[in-house]
Amino acid sequence: MARANLRVLISAEKIAERVRELGSQIDADYPDGPIVLIGILKGAIMFHADLARAITRPMRLDFIGISSYGKGKTTSGEVRLTRDLDASIEGMDVLIVEDIIDSGVTLSYLTQVLQQRKPKSVRTVTLLDKPDRRMRTVDVKYVGFRIPDEFVVGYGLDFAEEYRNLPDVCVLEE
Ligand code: IMP
Ligand code: MG
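Residue 28 is where the sequence shown starts when you use the numbering used here, and the numbers rise one by one after that.
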């Protein structure tokens, strides 16, 4: 497959360092008791796996599938649940783990869906935040890096399902 130009925006080392910091902060913030770390497929898988190991308190891991982008670089505005959680979250402290927040459409939809299931709390952690194109107000408790409005790939993030395995977060240049 033809390779586009990739420019490293956040190196694997910087990501690892920030993930450790987020893990300590989450450890310190949460009250006693287990938390459920919900990864949004597929973009958040790397972050979910690394963050889980940076948090020392008891936890359950689960995943939810959401699709909104199709094959392009911008949101279609339409969100679909493609895979549901394995277990109930009623009465649980839930932490949504997202790769990147752009328009906010995905997260506002997901938060609404999860709130209906009566968890004790719902917070969100995102590796990346692209605030420039926000269409929905979202409440994000933990942010890894705030980045400019550029399309990024790597560390789980894709363009048309490619580049997820890159260890760094890179800008995909035309
Ligand atoms: P939102 O619904 O517009 O906030 O988009 C969130 C989802 O779109 C993320 O979970 C990503 O899967 C995808 N996305 C947004 N920006 C990018 C990007 O720069 N690169 C790759 N995927 C992105
Ligand atoms: Mg995603």
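Glycine is no exception: its CB is placed at the ideal position from the N, C-alpha and C atoms.
Using only CA atoms, which one of I62, K69 and D77 lies nearest to A39? Checking every option, the nearest Cα to that of A39 belongs to D77.
Is G66 near the ligand IMP - that is, is its Cβ less than 6 Å away from at least one heavy atom of it? False, no ligand heavy atom lies under 6 Å from that Cβ.
Is it buried or exposed, K157, if we count other Cβ atoms within 10 angstroms and call 16 or more buried? Classification of K157: buried, given that the 10 Å Cβ count is 16 or more.
Alpha carbon to alpha carbon, what distance is there between D176 and R160? When rounded, the distance between both Cα atoms is 7 Å.
Determine, using beta-carbon pairs with one atom in the stretch 52-66 and one in the stretch 78-88, whether at least three such pairs fall under 8 Å. The stretch 52-66 is in contact with the stretch 78-88.
Whether I53 touches I82 by CB criterion (7 Å): Yes, the pair counts as a contact, with Cβ atoms nearer than the cut-off.
So is the beta-carbon of F178 under 6 Å away from any non-hydrogen atom of the ligand IMP? Checking every heavy atom of the ligand IMP against the Cβ of F178, one is found closer than 6 Å.
Bounding residues of the beta strand (DSSP E) (the contiguous stretch that carries E48): Per DSSP, E48 lies in no beta strand (DSSP E); the unbroken alpha helix (DSSP H) holding it starts and ends at A39 to D56.
To which residues of the same chain is Q142 closer than 8 Å at the C-beta, ignoring the five residues directly before and after it? So the qualifying residues of the chain are V149.
Using 7 Å as the limit for Cβ to Cβ distance, is R191 near chain D? In the displayed structure, chain D is absent; only one protein chain is listed.
Is Y169 closer than 7 Å to V196 when the C-beta atoms are compared? Between V196 and Y169, the CB-CB gap reaches or exceeds 7 Å.
Is G183 close to the ligand IMP? I mean its beta-carbon at under 6 Å from any heavy atom of the ligand. The ligand IMP never approaches G183 closely enough for any of its heavy atoms to be under 6 Å from the residue's Cβ.
If I174 sits next to L36, beta carbons under 8 Å apart, how far is it from one beta carbon to the other, in whole angstroms? Confirmed, Cβ separation roughly 7 Å.
Which residues DSSP lists as bridging S95, in chain order: None, per the DSSP bridge assignment.
According to DSSP, is M119 helix, strand or coil? Three-state DSSP puts M119 in coil, outside helix and strand.
Could you pull out every residue in the same chain whose Cβ sits closer than 8 Å to the Cβ of F178, ignoring the five residues on either side in sequence? Once the five neighbours on either side are set aside, the close Cβ partners of F178 are K100, F186, V198 and L199.
Quick one: residues in its chain with C-beta nearer than 6 Å to the C-beta of G70, no 5 flanking neighbours on either side, listed in chain order? Its chain contains D126, G183 and L184 as the residues whose beta carbon lies nearer than 6 Å to that of G70, once the 5 sequence neighbours on both sides are disregarded; these appear in chain order.
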